[in-house]
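Residue numbers (my numbering), protein chains in the order written: chain X, 24 to 246; chain F, 278 to 413. Cβ atoms here follow ideal geometry from the backbone N, Cα and C, with glycine treated the same way. The structure displayed is predicted, hence computed values, not measured ones. Below is one structure, written out as structure tokens; comments come after it.
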């Protein structure tokens with residue numbers, strides 16, 4: 024498994040920066056003004072779309088849903104780029120990885136079902152006590168699931184397994200087709216965000232050579 | 278030290294439509310027009326200006342029910358405008374809208390001055406709800 028060789032475009036470039044924090048700080052400076060302008064323009068678009076929808080006489084029409092969806096994908100892209108660049112000081116808290124994942128699985132399954140994707144969870148029976156910044160882990164994993172729900176394989180099964188392996192925790196997503204290539208032209212920016220969260224916990228995000236599996240791992244001993 | 282002397286009473290003035298009004302402050306004309314249209318549709322009379330200084334000058338003559346201001350503006354920025362208005366009209370409702378990423382320290386400072394701090398792109402329902410609540 025490797026870190027980023029299979030990922031193209033902006034997502035791949037950001038993934039390759041994860042091990043170089045100085046470059047991330049530089050990117051943040053360069054992006055700040057750009058994102059500020061984009062947010063101002065997006066704000067005008069959002070307000071205009073909101074108003075046009077209400078004045079249309081058919082605010083429930085499917086074309087408005089598509090317009091909202093397109094708009095939200097732009098907003099999410101900017102948020103993920105900025106989230107990736109934001110200085111990350113993990114706020115560690117005690118938790119049970121097993122329980123934490125089990126609680127989130129139903130929401131993830133519902134999200135993926137909209138694309139006829141099944142999520143098959145397979146975790147250990149015992150608790151997996153761990154210290155982690157659970158909010159940041161949730162940001163990364165929720166974004167990954169949402170991306171697959173919008174742009175992932177059109178159907179099939181994604182197996183999700185998690186375990187403690189000696190001195191590391193491992194979380195693995197395994198699909199029947201590539202989990203990296205997308206159905207549209209959107210970038211999977213959840214990957215670099217997640218990789219950055221893991222890096223802040225001395226962990227890694229690795230991608231199988233055929234792109235059908237993604238594995239997150241981090242040391243059990245977090246101080 | 279207050280930048281301007283507090284008034285004894287902040288009495289809402291009427292807009293050109295003859296009722297209380299919301300004052301909108303943003304140096305970005307397109308963004309300002311978008312918010313003004315939304316507020317107008319929601320039934321709030323609105324006067325918009327392009328700078329913090331213009332807002333202060335206007336408030337000297339006519340006190341709005343609510344001021345909505347952008348943060349990053351040349352000259353008097355939204356934070357300083359908020360402080361001036363808070364000193365001068367302690368009961369005036371203030372909303373800040375910003376496209377800037379806010380760290381916890383700055384967010385805390387802004388919340389000490391403003392009744393609501395919203396990030397761009399704003400949640401439109403929330404904006405209308407807060408305006409309806411504060412502009413009474």
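Assign residue i to one of three DSSP states: helix, strand, or coil.
| i | result |
| --- | --- |
| residue 254 (chain F) | Summary: the structure shown does not reach residue 254 (chain F), with chain F confined to residues 278 through 413, and so no result is reported for it. |
| residue 203 (chain X) | coil |
| residue 339 (chain F) | coil |
| residue 229 (chain X) | strand |
| residue 88 (chain X) | helix |
| residue 35 (chain X) | helix |
| residue 297 (chain F) | strand |
| residue 163 (chain X) | helix |
| residue 325 (chain F) | strand |
| residue 104 (chain X) | helix |
| residue 252 (chain F) | Because chain F spans 278 through 413 in this model, residue 252 (chain F) falls outside it and cannot be assessed. |
| residue 242 (chain X) | strand |
| residue 30 (chain X) | coil |
| residue 125 (chain X) | helix |
| residue 248 (chain X) | The structure shown has nothing for residue 248 (chain X), since chain X only spans 24 to 246. |
| residue 331 (chain F) | helix |
| residue 308 (chain F) | helix |
| residue 98 (chain X) | helix |
Identify every residue that forms a DSSP beta bridge with residue i.
| i | result |
| --- | --- |
| residue 185 (chain X) | X:194 |
| residue 152 (chain X) | X:119 |
| residue 236 (chain X) | X:197 |
| residue 247 (chain X) | Any question about residue 247 (chain X) goes unanswered here, given that chain X covers just 24 to 246. |
| residue 215 (chain X) | Answer by DSSP bridge pairing: none, since residue 215 (chain X) is not bridged. |
| residue 302 (chain F) | F:326 and F:346 |
Which term fits residue i, buried or exposed, when burial requires 16 or more other beta carbons within 10 angstroms of its beta carbon?
| i | result |
| --- | --- |
| residue 122 (chain X) | exposed |
| residue 198 (chain X) | buried |
| residue 110 (chain X) | exposed |
| residue 153 (chain X) | buried |
| residue 176 (chain X) | buried |
| residue 73 (chain X) | buried |
| residue 321 (chain F) | buried |
| residue 410 (chain F) | exposed |
| residue 149 (chain X) | exposed |
| residue 139 (chain X) | exposed |
| residue 390 (chain F) | buried |
| residue 413 (chain F) | exposed |
| residue 402 (chain F) | exposed |
| residue 117 (chain X) | exposed |
| residue 355 (chain F) | buried |
| residue 125 (chain X) | exposed |
| residue 62 (chain X) | buried |
| residue 211 (chain X) | buried |
| residue 213 (chain X) | buried |
| residue 136 (chain X) | exposed |
| residue 189 (chain X) | exposed |
| residue 341 (chain F) | buried |
| residue 34 (chain X) | buried |
| residue 215 (chain X) | buried |
| residue 296 (chain F) | exposed |
| residue 219 (chain X) | buried |
| residue 60 (chain X) | exposed |
| residue 156 (chain X) | buried |
Looking at chain C, is there any beta carbon in it that lies within less than 7 Å of the beta carbon of residue i?
| i | result |
| --- | --- |
| residue 340 (chain F) | Chain labels in this structure do not include chain C; the protein chains are X and F. |
Go through the segment 346-409 of chain F residue by residue and report every complete run of the alpha helix (DSSP H) that reaches 4 residues or more, in order. Secondary structure remark: continuous alpha helix (DSSP H) runs of at least 4 residues inside the segment 346-409 of chain F, in chain order: 355-365 and 381-390.
Stretch pair the segment 143-156 of chain X + the segment 74-88 of chain X: three plus CB contacts closer than 8 Å: Between the segment 143-156 of chain X and the segment 74-88 of chain X there are fewer than three inter-stretch CB-CB distances shorter than 8 Å, so the stretches are not counted as touching.
Segment contact flag, the segment 294-308 of chain F with the segment 229-241 of chain X, C-beta cutoff 8 Å, min 3 pairs: Verdict: no, contact absent.
Contact the segment 319-333 of chain F vs the segment 356-373 of chain F: 3+ CB pairs below 8 Å: The answer is yes - the segment 356-373 of chain F touches the segment 319-333 of chain F, with three or more Cβ pairs under 8 Å.
Would the segment 323-330 of chain F count as touching the segment 370-380 of chain F if we require 3 or more Cβ pairs under 8 Å? No: the two stretches stay apart, fewer than three of their Cβ pairs being nearer than 8 Å.
Taking one C-beta from the segment 309-323 of chain F and one from the segment 66-76 of chain X each time, how about it: are there three or more such pairs within less than 8 Å? Yes: at least three Cβ pairs fall under 8 Å.
List in chain order: all unbroken alpha helix (DSSP H) runs of 4+ residues lying wholly within the segment 41-95 of chain X. Listed in chain order, they are 44-78.
Should the segment 334-351 of chain F be regarded as contacting the segment 102-116 of chain X, the criterion being three or more beta carbon pairs within less than 8 Å? No, they do not touch.
With contact counted as at least three CB pairs below 8 Å, one residue from each stretch, are the segment 379-397 of chain F and the segment 40-57 of chain X in contact? Under the 8 Å Cβ criterion, the segment 379-397 of chain F does not count as touching the segment 40-57 of chain X, having fewer than three qualifying pairs.
Report yes or no: do the segment 152-168 of chain X and the segment 116-132 of chain X share at least 3 C-beta pairs separated by less than 8 Å? The segment 152-168 of chain X, when compared against the segment 116-132 of chain X, does touch it at the 8 Å Cβ threshold.
Are at least three pairs of beta-carbons, each pair with one atom in the segment 367-374 of chain F and one in the segment 393-406 of chain F, less than 8 Å apart? Here the segment 367-374 of chain F makes contact with the segment 393-406 of chain F; the two share three or more CB pairs at distances below 8 Å.
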